């Protein structure tokens, strides 16, 4: 009898030890000891990298979640490398990737075999609209002056197919007018072109031209937001000026496809709490000239669908769609 009791006790002890090693792993809440990985599709110091590192910093300093966060860079192919990397983790919510205009344009212009529908929308965090400016000495003071110009106006902006080009095309459509869009490499060159009077006007990121507007060196005409921006409360939108042009570069985050609902909820809740903090406003949005524009998962998904169609139609007009 004693032998039986000892054998039974030994067996039950072994079962208990086995259960002890299994249960914590099974019951461990997401994200567990693995933590989270934030994936930037471009190199250190770029817009994707800057946003994710600030997100990680504020999430941890504000104690929004207690998970560890590691930011990794997966540059290459205008974001294509990061798309492939995140797609390889389908069903796993431990990865959160930055998403801006290249998230839409790269699949449209190159054969990456993926598009926005292959990922889980988590949140849009802000927008970079386009602002139309003219040299301070220009006779153009409103969009009506632009419409009534008797010659073809030269308008500077970023590269072909980028948001500045798109806004210029849309404005031309709404005015039934043709513009000569002149692409430049970056906001610095665009600013120089309009400041020096090389062009009649420029489409540019508000943050890049704000100091010159305040100094009176250029005149702002309109902004491409749906409503007036707090950064420029006196500046009318294209839309309210009678020309329905609403288009911006977005800044958001997406996860891999087919992640469990609880993991999606964890990520979306984390980001929603982040974007209402004062730190997010003062340390990221304001210094980078980004306009708040939070959208949750469902609204962001609908926005991506609309944005994809906008880019697809305009890139087709510019003959920039993939073969």
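Numbering (the working numbering), first residue to last: 5 to 327. Beta carbons are placed, not taken as given, at the ideal position from N, Cα and C, and that holds for glycine. Source: prediction; values computed, not measured.
query = Is the distance from the Cβ of residue 107 to the Cβ of residue 120 below 9 Å?
reply = yes
inquiry  = Please report the straight-line C-alpha distance between residue 27 and residue 90, rounded to a whole angstrom.
reply    = Since pLDDT at residue 27 reaches only 37, below the 50 mark, its modelled position is unreliable, and the value read off the structure follows with that caveat. One C-alpha to the other measures close to 29 Å.
message = I need the DSSP call for residue 174, collapsed to helix, strand or coil.
response = helix
Cut-off 6 Å between Cβ atoms - residues of its own chain near residue 184, not counting five sequence neighbours on either side = 156 and 158
ask   = Where does residue 312 fall in DSSP's three states?
value = helix
request  = Return yes when the Cβ of residue 85 is within less than 9 Å of the Cβ of residue 45, no when it is not.
outcome  = yes
message = By the three-class DSSP mapping on this structure, what secondary structure does residue 275 have?
response = helix
message = Looking only at its chain, what residues have a beta carbon closer than 8 Å to the beta carbon of residue 192, apart from the 5 residues adjacent to it on each side?
response = 212
ask   = Can you name the residues that DSSP bridges to residue 100?
value = 42 and 259
query = With a CB to CB cut of under 8 Å and the five nearest residues on each side skipped, what residues in its chain are close to residue 126?
reply = 100, 256, 257, 258, 259, 268, 271, 272, 275, 301 and 304
message = For the region 225-239 against the region 134-142, do three or more pairs of beta-carbon atoms, one drawn from each stretch, fall closer than 8 Å, so that the two count as touching?
response = yes
task = Starting from the N-terminal side, write out each stretch of the alpha helix (DSSP H) that is 4 residues or longer and does not extend beyond the region 57-127.
result = 84-91 and 105-113
ask   = Can you tell me the Cα-Cα spacing of residue 215 and residue 97, whole angstroms?
value = 41 Å
ask   = Taking just the CA atoms, how far does residue 109 sit from residue 312?
value = 8 Å
ask   = Can you name, in chain order, every residue of its own chain whose Cβ lies under 6 Å from the Cβ of residue 217, other than the five neighbours on each side?
value = 224
task = Could you tell me which residues DSSP pairs with residue 138 in its beta bridges?
result = 223
key: Three-way DSSP call (helix, strand, coil) for residue 253 in this model   = strand
message = Please report the distance separating the alpha-carbon of residue 143 from that of residue 153.
response = 10 Å
key: DSSP three-state assignment for residue 304, whether helix, strand or coil   = helix
ask   = Are residue 167 and residue 235 closer than 9 Å when you measure CB to CB?
value = no
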